[in-house]
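Before any comments, here is the structure.
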Amino acid sequence: MKLVTFEDDRSARVGLLSGERVVDLSAVHERGGLGGDVSPDVWQDMLALIESGPEALARIRRLERDELLGGGHLRPGEALPVESVRLLAPIPRPRKNVFCIGLNYADHVREGERITGPLSELPRHLTIFTKPPTAVVGPGDILAHRGVTDALDYEVELGVVIGRRGINIPEEDALDYVFGYTIINDISARDLQSRHGQWFKGKSLDTSCPVGPCIVPAADIGDVQNLAIELRLNGRTMQRANTGQMIFPVAAIISQLSLGMTLEPGDLIATGTPAGVGFARQPPVFLRPGDVVEAEIEGIGVLRNRVADSP
Ligand code: MG
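So the sequence shown is numbered by our numbering: it starts at 5 and just counts up by one.
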């Protein structure tokens, strides 16, 4: 199941991505196709859907099985060609900063050492920073921010969407707190990142957090620590790895992040990037207007963004 947030000439709402079509769940709801006793907000707002608990997801699953896979048919206007709508970030405006894990793939740690000098050992604790909600964008444009940065870089990462509130979550229970998974491109202005000591400024420019194109519910992802992860720049593969190579797996990240700090439904976590980023290449590769960046994770899809001078 692939859940999206989309808009056309009407306001943003939640859809089910089915091949080349987006099923408009609000429209299906309006004619009673999703049952009556779930708040209509659930079909308009991904955060409301996540917070509503498992019932809404079960109804979407029934719709997918009966109408789409079972050969039933949706009414006219309920399934829209994907090219006729605009996909937004699945959660267009997160309530909090996006939690981000740095240095979580050993080969990426090693490539960084060529620039920053050697670390004595691999990280024993999570490296954590955040990106503000204003950085989040869907499969739209990444602004080049010329005049602000000359060193805009890409980082494909598995994104975790939290589904349940929790604090001090034991590692063995941590995956039960996941609503689903998405793709995040942790766009990084390397010059600002190193200039300001903390990484926050260089990681937080507007449009520097592409998320999407969809959220896949956790139950539909087999082993989250065995997913192919790849990034292509203008068609050329720059990063290629497997989520099994994470130093801290998703369950450890959730558990450690939740120590003394409540995680809430809709919270987003970017789980770190593998090797192949632009700044560590010789010569370095940075994003330029006109570039096309495709971040792909097995079982989720392709998050495609163009780099642009202006929106
Ligand atoms: Mg990163």
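Here a beta-carbon is modelled for each residue, glycine too, at the ideal position from N, C-alpha and C.
Everything numeric in this text was worked out from a predicted model, so none of it was measured.
Shortest alpha-carbon distance to residue i belongs to which of the options?
| i | options | result |
| --- | --- | --- |
| serine 208 | Asp195, Val220, Gly216 and Pro217 | Asp195 |
| tryptophan 203 | Phe10, Val8, Phe103 and Ser88 | Phe103 |
| serine 22 | His33, Asp13, Leu7 and Asp12 | Leu7 |
| arginine 168 | Ser56, Arg66 and Pro96 | Ser56 |
| isoleucine 119 | Arg292, Ala60 and Pro288 | Pro288 |
| threonine 138 | Ser212, Leu263 and Asp271 | Ser212 |
| glutamate 1 | Leu237, Ala110, Met5 and Gly201 | Beyond the ends of the chain as shown, which are 5 and 315, falls residue 1; an answer cannot be given. |
| isoleucine 166 | Ile64, Arg244, Ala155 and Leu261 | Leu261 |
| isoleucine 251 | Ile187, Leu53 and Arg128 | Arg128 |
| alanine 256 | Tyr181, His200, Ala312 and Gly305 | Tyr181 |
| leucine 162 | Asp177, Asp227, Ser43 and Pro136 | Asp227 |
| glycine 121 | Glu82, Ala312, Arg310 and Ala284 | Ala284 |
| glutamate 302 | Asn309, Ala245, Ile258 and Leu267 | Ala245 |
| proline 174 | Asn309, Glu82, Gly36 and Leu263 | Leu263 |
| aspartate 70 | Glu268, Glu34, Leu38 and Pro136 | Leu38 |
| isoleucine 132 | Val46, Asn101, Gln286 and Glu59 | Asn101 |
| glutamate 115 | Glu298, Gln243, Ile304 and Leu267 | Gln243 |
| valine 136 | Asp295, Met5, Leu123 and Arg99 | Per the sequence presented here, residue 136 reads as proline, with valine not at that position. Closest option to proline 136, Cα to Cα, is Arg99. |
| proline 295 | Gln286, Thr134 and Gly144 | Reading the sequence as shown, one finds aspartate at residue 295 and not proline. With distances taken between Cα atoms, aspartate 295 lies closest to Gly144. |
Who pairs with residue i in a beta bridge, going by DSSP?
| i | result |
| --- | --- |
| arginine 285 | Beta-bridge pairing links arginine 285 to no other residue. |
| glutamine 243 | Leu235 |
| proline 214 | Val141 |
| proline 85 | Arg25 |
| arginine 17 | Phe10 |
| arginine 310 | Asp145 and Val296 |
| lysine 135 | Val102 |
| asparagine 189 | Val160 |
| leucine 272 | Val165 |
| glycine 305 | Ile301 |
| tyrosine 109 | Met250 |
| isoleucine 95 | BP columns for isoleucine 95 are empty, so no partner. |
| arginine 219 | This sequence places isoleucine at residue 219; arginine is not what is there. Per DSSP, Leu7. |
| glycine 184 | Val165 and Pro221 |
| glycine 170 | Leu267 |
| arginine 90 | Glu11 |
Can you tell me whether residue i is buried or exposed, with buried defined as 16 or more other CB within 10 angstroms of its CB?
| i | result |
| --- | --- |
| methionine 265 | exposed |
| alanine 232 | exposed |
| asparagine 172 | exposed |
| valine 152 | exposed |
| alanine 223 | exposed |
| leucine 67 | buried |
| histidine 77 | exposed |
| histidine 33 | buried |
| glutamate 59 | exposed |
| asparagine 309 | buried |
| leucine 20 | buried |
| proline 44 | exposed |
| leucine 73 | exposed |
| leucine 53 | buried |
| serine 124 | exposed |
| glutamate 82 | buried |
So residue i and residue j are supposed to be a Cβ contact under 8 Å. How far apart are they, rounded?
| i | j | result |
| --- | --- | --- |
| valine 140 | valine 215 | 6 Å |
| methionine 50 | valine 27 | With 8 Å as the limit, methionine 50 and valine 27 do not qualify as a contact, their Cβ atoms being about 15 Å apart. |
| proline 221 | leucine 29 | Not a contact, Cβ separation roughly 14 Å. |
| valine 306 | leucine 235 | About 10 Å; that fails the 8 Å criterion. |
| valine 254 | leucine 179 | 7 Å |
Determine the contact status of residue i and residue j, defining contact as a CB-CB distance below 9 Å.
| i | j | result |
| --- | --- | --- |
| isoleucine 146 | leucine 272 | no |
| proline 96 | alanine 148 | no |
| valine 113 | leucine 130 | no |
| arginine 65 | alanine 31 | no |
| glycine 270 | leucine 107 | no |
| leucine 91 | threonine 9 | yes |
| glutamate 24 | valine 89 | no |
| glutamine 249 | aspartate 41 | no |
| alanine 274 | aspartate 190 | yes |
| proline 315 | proline 217 | no |
| valine 311 | proline 293 | yes |
| serine 198 | leucine 156 | no |
| glycine 184 | isoleucine 219 | yes |
| proline 278 | tyrosine 109 | yes |
| asparagine 230 | threonine 241 | no |
| leucine 84 | aspartate 12 | yes |
| aspartate 313 | arginine 150 | yes |
Compare the C-beta of residue i against all C-beta atoms of chain D and say whether one is closer than 9 Å.
| i | result |
| --- | --- |
| isoleucine 64 | Looking at the structure shown, chain D is missing, and only one protein chain is on hand. |
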